[in-house]
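J.: Residue numbers (this note's numbering): 6 to 162.
Okay, here's the thing in structure tokens:
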């Protein structure tokens, strides 16, 4: 009989090792406590608190209208439900767009109040200095390349 190793907290270093060794990395969009508990049991590596949760849970028609406080509420629930998965927060629209100071302040709040470990940001070259400020503050950022839900209304979708 194969004995299961006890699960350890997922870290960025573990994810880098998995990537180097060609191991599968599993990321899942999560919006609530119960889903976070289940994701931990399934061995999900990255729990992404997505602003899309505002559409699913709160009835928003677009991610653009999902508020910082709504994403924070979801992030706190995920923190309470997950012991192992790396917690990544999809920073909502306009929460990092205005200035480097705003970007760092809001990312810092997610880290401080919800134990977030990585910020996911949907931006473009105009937001580079703001994202750089988050990284310089010691908070990892995952960028989003390609069409993003935030841009769909502008693109006619």
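Each residue gets a CB set at the ideal place from its N, CA and C atoms; glycine is no exception.
These numbers come from a predicted model, not from an experiment.
1. Less than 7 Å separating the beta-carbons of residue 103 and residue 139?
2. Thinking C-alpha only, which one of 12, 99 and 94 is nearest residue 70?
3. Report yes if the CB atom of residue 94 is closer than 7 Å to the CB atom of residue 115, and no otherwise.
4. Within its chain, find whatever has a CB closer than 8 Å to the CB of residue 20; leave out the 5 residues flanking it on each side and keep chain order.
5. Residue range of the beta strand (DSSP E) that residue 96 falls in?
6. Tell me the start and end of each unbroken alpha helix (DSSP H) in the stretch 33-108 that is at least 4 residues and wholly inside, in chain order.
7. By DSSP, does residue 6 sit in helix, in strand, or in coil?
8. Counting C-beta neighbours from all protein chains within 10 Å, is the total for residue 6 16 or more, i.e. buried, or is it exposed?
9. How close, in whole Å, do the beta carbons of residue 163 and residue 58 come, if the pair is a contact with beta carbons under 8 Å?
10. Looking at the structure shown, is residue 29 part of a helix, part of a strand, or coil, going by DSSP?
11. Buried or exposed for residue 68, please, with buried defined as at least 16 other CB atoms from any protein chain shown within 10 angstroms of its CB.
T.: Put simply:
1. no
2. 99
3. yes
4. Hits under 8 Å: 30, 50, 51 and 91.
5. It is not in any beta strand (DSSP E) - residue 96 carries neither H nor E in the DSSP assignment.
6. 38-47, 58-63 and 73-86
7. At residue 6 the pLDDT is 47, less than 50, meaning the model places this residue with poor confidence and gives no usable figure here.
8. For residue 6, the pLDDT reaches just 47, beneath the cut-off of 50, and the residue's location in the model is therefore unreliable, leaving the point undetermined.
9. Look at the range of the chain in this structure, 6 to 162, and you will see that residue 163 is not part of it.
10. Correct three-state label for residue 29: coil.
11. Buried, because 16 or more other Cβ atoms sit within 10 Å of the Cβ of residue 68.
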